[in-house]
Every structure is written in structure tokens, then in C-alpha cells.
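Numbering-wise (the UniProt record's numbering), the sequence shown opens with residue 1 and increments by one. Note that beta-carbon positions come from the ideal geometry of N, C-alpha and C, so glycine has one too. Since the structure is predicted, the reported quantities are computational estimates derived from the model, not experimental observations. Take a look at the structure set out below.
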Amino acid sequence: MGVEILEQSVERVVATMPVEGNRQSFGLLHGGASLAVGEAVGSWAAVIHASTLGKTAVGVDVSATHHRSARSGRVTVTATPIHLGRTLTTHEVLIENEDGQRLCTMRITNLLLDRPIPG
Numbered sequence: 001m002g003v004e005i006l007e008q009s010v011e012r013v014v015a016t017m018p019v020e021g022n023r024q025s026f027g028l029l030h031g032g033a034s035l036a037v038g039e040a041v042g043s044w045a046a047v048i049h050a051s052t053l054g055k056t057a058v059g060v061d062v063s064a065t066h067h068r069s070a071r072s073g074r075v076t077v078t079a080t081p082i083h084l085g086r087t088l089t090t091h092e093v094l095i096e097n098e099d100g101q102r103l104c105t106m107r108i109t110n111l112l113l114d115r116p117i118p119g
């Protein structure tokens, strides 16, 4: 998918992804690609928070609204926390084009679990 992480912290995770290679048959950015990258970035943000508690995160809910699409360039994906709890996290994930226009708004909720002990 060509995803590159630009920034990662508890406060925000930012990534980019090219539209090229992630299009559907009409030449538009594929909605499934948007959801995949958004879920990946939102889950990574949850894992960063979970790691501060000695836990890990697993997704339990994701929803998305597609506002517009893109035919070229790169999109920027930004996950910011709505709620950072000890059991659940919820993040808003925005996908924007190179002009800063919102393409997709997502919300992802992750369940925080104790990390399994290796061995």
C-alpha cells in the first residue's frame, strides 16, 4: 500500500499513502484502502497508548464516512485520541488530500488487553 509513518506519539500518529496503486476500477482511491490505512494508523495509535500501561490493543469497532475521493497524489492519515482509557481507546482518523481537503472521517475503538507473557 506504500504507507509511510511520519509521526508517532500518544497524542497523534500521522502517515501518508499514495493514491497510485490503491485505486478501484474507476480510477478513484479505493474505499477499502482508505479503511485499511485508517484502521492501521488508528490501531497503531492505540497500541502506543496501550504500551504505556503494559498492555496491547485489539480493534473492536470501526466506522467511516467517505466525503470525497482522490485520483492522484498522496493522502495524509492522522489519528488523534478521543478517549484514552485503561480498558478502551477511541481515536478519530482523518484522511486528507494534498490540498488539505477531508476525504474520509473514521472512528476506531480498541480494547486494551494485558500482554501475553512469552514462553
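Candidates the options, of which the one nearest residue i by Cα
| i | options | result |
| --- | --- | --- |
| residue 110 | 100, 72, 39, 69 | 39 |
| residue 28 | 56, 41, 103, 91 | 103 |
| residue 5 | 37, 97, 24 | 37 |
| residue 114 | 52, 93, 11 | 52 |
| residue 80 | 43, 1, 67, 61 | 43 |
| residue 20 | 105, 83, 72, 88 | 72 |
| residue 95 | 76, 26, 23 | 76 |
| residue 41 | 69, 56, 60, 8 | 8 |
| residue 105 | 78, 88, 85, 86 | 78 |
| residue 87 | 107, 63, 59, 67 | 59 |
Span separating the alpha-carbon of residue i from that of residue j
| i | j | result |
| --- | --- | --- |
| residue 18 | residue 74 | 4 angstroms |
| residue 15 | residue 3 | 7 angstroms |
| residue 65 | residue 49 | 25 angstroms |
| residue 33 | residue 54 | 31 angstroms |
| residue 69 | residue 97 | 9 angstroms |
| residue 100 | residue 93 | 14 angstroms |
| residue 31 | residue 10 | 27 angstroms |
| residue 112 | residue 47 | 8 angstroms |
| residue 12 | residue 25 | 33 angstroms |
| residue 56 | residue 83 | 16 angstroms |
| residue 45 | residue 91 | 8 angstroms |
| residue 62 | residue 89 | 12 angstroms |
| residue 67 | residue 108 | 17 angstroms |
- Message: Please give me, in chain order, every unbroken run of the alpha helix (DSSP H) with length at least 4 that falls completely inside the UniProt domain "Thioesterase" (26 to 104).
- Response: 31 to 51
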